[in-house]
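Here is the structure we will look at.
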Amino acid sequence: MKKQKTTKKRKITKKKQKNSKVLYFIMAFLIISIFASGIYLGYLLSKKETKKELKKYENTLLTLQKKINKLENETKKLKKTKNEHKVINSEIVDYKNSEKIIPPTIKTEPKKIKHNHKPKLVIIIDDVSFKYQTNLIKQIPYKITPSFFPPTNRHPNTIYLAKSFSHYMVHLPLEAKNYHKPEPNTITISSTYQEIYNRIVYLKKIFPKAKFMNNHTGSTFTSDKESMKKLFKVFKKENLGFVDSVTSANTKGELVDKIYNIPFYKRNIFLDNIQDKNYIRKQLLKAVMLAKKHGYAIAIGHPHKITLITLKNSKDILKNVDVVYIDELNKN
Numbered sequence: 441m442k443k444q445k446t447t448k449k450r451k452i453t454k455k456k457q458k459n460s461k462v463l464y465f466i467m468a469f470l471i472i473s474i475f476a477s478g479i480y481l482g483y484l485l486s487k488k489e490t491k492k493e494l495k496k497y498e499n500t501l502l503t504l505q506k507k508i509n510k511l512e513n514e515t516k517k518l519k520k521t522k523n524e525h526k527v528i529n530s531e532i533v534d535y536k537n538s539e540k541i542i543p544p545t546i547k548t549e550p551k552k553i554k555h556n557h558k559p560k561l562v563i564i565i566d567d568v569s570f571k572y573q574t575n576l577i578k579q580i581p582y583k584i585t586p587s588f589f590p591p592t593n594r595h596p597n598t599i600y601l602a603k604s605f606s607h608y609m610v611h612l613p614l615e616a617k618n619y620h621k622p623e624p625n626t627i628t629i630s631s632t633y634q635e636i637y638n639r640i641v642y643l644k645k646i647f648p649k650a651k652f653m654n655n656h657t658g659s660t661f662t663s664d665k666e667s668m669k670k671l672f673k674v675f676k677k678e679n680l681g682f683v684d685s686v687t688s689a690n691t692k693g694e695l696v697d698k699i700y701n702i703p704f705y706k707r708n709i710f711l712d713n714i715q716d717k718n719y720i721r722k723q724l725l726k727a728v729m730l731a732k733k734h735g736y737a738i739a740i741g742h743p744h745k746i747t748l749i750t751l752k753n754s755k756d757i758l759k760n761v762d763v764v765y766i767d768e769l770n771k772n
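Here the sequence shown is numbered in the numbering used here, starting from 441 and rising by one per residue.
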């Protein structure tokens, strides 16, 4: 009897132990499951947060890219503006370089002409290429004659800018002695008559209002009699006049004009060898004095802001002359 009770106790103990183990495993499984679920939930939450962070990061990158693009565009625009505002007094440079080689042998005083009223002054602005320049020229309350560059990659819009003017000239690039930045399609002393003819006819076609041309640089070309004869022959045929910018003291313009007798004038004064208001006013006064002495004078400036603003505010100097367009000079 006693032995049976002992055996029964052992069975109960074993059963309890077995149940305890099962309960342990169940609890362990539950704990692991909860832990795993927590990890997975954390992963999901983390993933969601990561997506948010990634989205936020992407938006930040897009914003930065937009700012970078804007800065790049502004930089390009700034570079373009700097190039546009960089005006070189090319005729003056060519003239000075030429004079270092060949001393002056002629004076550029104009011939006397009859004038019924006030003496006449022609003010030509060379190297006109960009809209900001034409805007400033239009603000000057006088008949300023702009001389436009032929269109190139650097200044492609000169044809269209010229259309807004009733009077203008073409600034014709001719070969220089010591100017190392020639314009494309510069006419040289090696150019044939046909090449010169084709070039002038083309420029006349795209600048239909132009009745005169003047030389851009040209110290070599204008000093060569045979080259000038070819050029003047074309001008004669096409009913065009020429203003010699006098970039060489040995220019043959006046000599060759005796053969072809085209409308021909010479530059008397450069206004802005020095970009200074007082200097420009003194040069303008010299031009006025020449006009009073000879009936007319021709002054050439460049589209520097200081030059154009000074001209705009020079009523006190210009009040005793008639400022006229170049093609009005030979009119009574």
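All C-beta atoms, glycine included, are put in the ideal place defined by N, C-alpha and C.
Following the continuous beta strand (DSSP E) through residue i, name the residue where it begins and the one where it ends.
| i | result |
| --- | --- |
| L402 | For residue 402 there is no data in the structure shown, the boundaries of the chain being 441 and 772. |
| T662 | Careful: T662 lies outside any beta strand (DSSP E), inside the alpha helix (DSSP H) at 659-662. |
| T632 | First-last for T632: undefined, no H or E at that position. |
| S587 | 584-588 |
I'd like to know whether the C-beta atoms of residue i and residue j end up nearer to each other than 8 Å.
| i | j | result |
| --- | --- | --- |
| L711 | G741 | yes |
| L614 | T662 | yes |
| L725 | I757 | yes |
| I563 | L730 | no |
| N654 | V683 | yes |
| K560 | D697 | no |
| F588 | H611 | yes |
Mind checking who residue i pairs with in its DSSP beta bridge?
| i | result |
| --- | --- |
| A737 | L561 |
| V683 | N654, Y705 |
| I627 | L614 |
| D762 | K560 |
| V568 | F588 |
| F710 | I740 |
Please list the terminal residues of the continuous alpha helix (DSSP H) segment that includes residue i.
| i | result |
| --- | --- |
| G693 | 693-700 |
| T750 | 745-752 |
| D756 | 755-758 |
| I577 | 571-578 |
| L671 | 665-677 |
| L601 | 598-602 |
Our contact map puts residue i next to residue j with C-beta atoms below 8 Å; I'd like the distance itself, whole angstroms only.
| i | j | result |
| --- | --- | --- |
| N708 | A689 | That pair is no contact at about 14 Å. |
| L576 | K745 | 7 Å |
| Y700 | K673 | 6 Å |
| S667 | I629 | 5 Å |
| P590 | L643 | 6 Å |
Residues in its own chain within less than 6 Å of residue i by CB, not counting five upstream and five downstream?
| i | result |
| --- | --- |
| K519 | With a pLDDT of 46 at K519, under the threshold of 50, the modelled position of this residue cannot be trusted; read the value that follows with caution. Taken in chain order, the list of residues that qualify is empty. |
| A739 | I563, I709, L711, A727 |
Go through its chain and collect everything with a Cβ distance to residue i's Cβ below 7 Å, but skip five positions before and after it.
| i | result |
| --- | --- |
| P624 | T592 |
| T545 | Annotation note: pLDDT 40 at T545 (below 50); position unreliable, no value reported. |
| K558 | N760, V761, D762 |
Can you list, in chain order, the residues of its chain with a C-beta nearer than 8 Å to that of residue i? Leave out the 5 residues immediately preceding and following it.
| i | result |
| --- | --- |
| I766 | V562, I564, T585, H607, M609, K651, F652, G681, V683, Y705, I738 |
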